[in-house]
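**Q** Take a look at the following structure, please.
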Amino acid sequence: AQTVTQSQPEMSVQEAETVTLSCTYDTSENNYYLFWYKQPPSRQMILVIRQEAYKQQNATENRFSVNFQKAAKSFSLKISDSQLGDTAMYFCAFLLNRDDKIIFGKGTRLHILP
Amino acid sequence: DVKVTQSSRYLVKRTGEKVFLECVQDMDHENMFWYRQDPGLGLRLIYFSYDVKMKEKGDIPEGYSVSREKKERFSLILESASTNQTSMYLCASSARLLGAFFGQGTRLTVV
Chain D
2 AQTVTQSQPE
12 MSVQEAETVT
22 LSCTYDTSEN
32 NYYLFWYKQP
42 PSRQMILVIR
52 QEAYKQQNAT
62 ENRFSVNFQK
72 AAKSFSLKIS
82 DSQLGDTAMY
92 FCAFLLNRDD
102 KIIFGKGTRL
112 HILP
Chain W
60 DVKVTQSSRY
70 LVKRTGEKVF
80 LECVQDMDHE
90 NMFWYRQDPG
100 LGLRLIYFSY
110 DVKMKEKGDI
120 PEGYSVSREK
130 KERFSLILES
140 ASTNQTSMYL
150 CASSARLLGA
160 FFGQGTRLTV
170 V
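If you read the protein sequences in the order shown, they are chains D and W.
Going from the first sequence to the working numbering is simple: count from 1 and add 1.
Going from the second sequence to the working numbering is simple: count from 1 and add 59.
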């Protein structure tokens, strides 16, 4: 079975700093997708960034980028120039190419401090 | 924009009641999911459906059932609500490899 591990339950950084959230996963398969989701306080969960396992190039979306290390089964999220609006729960998620179930980690609560 | 709408934002029910949580998506997605979110436990999959009238158990299906009579609607049913089912419930739909799109969540309290 596939598992997703987020080792940092909670983090705090100063506004404008760069922060990296860790995620590791376990699978014996080769074709899959990885995602980072953001859930602001009392608000809807939204997709931040998506990575296809067959692509070596790391995905980026504005201030958000990933460091995808397939051999190490690691998928970290880097937030550059952090803003107060980045305060949220962040979830790492995994989807097998041949499957329909999306598996989530337990989340990292990120606080951006003014 | 993909829209996933859950019928209630907050719900309070009594122990033993039958509870229906409704979810509607407007993007013609085949897959729909019900997750439960609890502090420290992340999102746990209750049930998912990959087509009309098709369903599959997730990791924690006990005490729950689902119904998908139409493609756009996926209902979660608590047959006899118990206090340990007090939680945040999240519905999502997906077009497979694009990832999941979530509703706003239903915070259910069972008293």
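Think of the CB as a built atom: it goes at the ideal place given N, C-alpha and C, for glycine as much as any other residue.
Remember, it's a predicted structure, so these values are computed and weren't measured experimentally.
Buried or exposed, going by whether 16 or more other CB atoms sit within 10 Å of the CB of D/E57?
**A** For the sequence presented, residue 57 of chain D should be read as Gln rather than Glu. Counting the other CB atoms within 10 Å of its CB gives D/Q57 a total below 16, which places it among the exposed residues.
**Q** To which residues of the same chain is W/A154 closer than 6 Å at the C-beta, ignoring the five residues directly before and after it?
**A** The answer, listed in chain order, is H88.
**Q** Measure from the C-beta of W/A159 to each C-beta in chain D and report whether the shortest distance is under 8 Å.
**A** yes
**Q** Locate the beta strand (DSSP E) running through W/D87, then write down its first and last residues.
**A** Here W/D87 belongs to no beta strand (DSSP E), and DSSP marks it neither H nor E.
**Q** Look at the alpha carbon of D/S66 and the alpha carbon of W/S146, and state the distance between them as a whole number of angstroms.
**A** 32 Å
**Q** Which chain D residues sit within Cβ distance under 8 Å of W/Y109?
**A** D101
**Q** Going along chain D, which residues have a C-beta under 8 Å from W/L167?
**A** Within chain D, no residue comes near W/L167; the closest Cβ sits about 15 Å away, beyond 8 Å.
**Q** Look at the alpha carbon of W/L100 and the alpha carbon of W/S139, and state the distance between them as a whole number of angstroms.
**A** 23 Å
**Q** Please state if the CB of D/L35 and the CB of D/T109 are separated by a distance shorter than 8 Å.
**A** Their beta carbons are not under 8 Å apart, which means D/T109 does not touch D/L35 by this criterion.
**Q** Specify whether the segment 63-71 of chain W and the segment 68-83 of chain D touch according to this definition: at least 3 beta carbon pairs, one from each stretch, less than 8 Å apart.
**A** no
**Q** Assuming the contact rule is C-beta atoms closer than 8 Å, D/D87 and D/I113 should be a hit. Round their C-beta distance to whole Å, please.
**A** 5 Å
**Q** Of all the CB atoms in chain D, is at least one closer than 8 Å to the CB of W/S152?
**A** no
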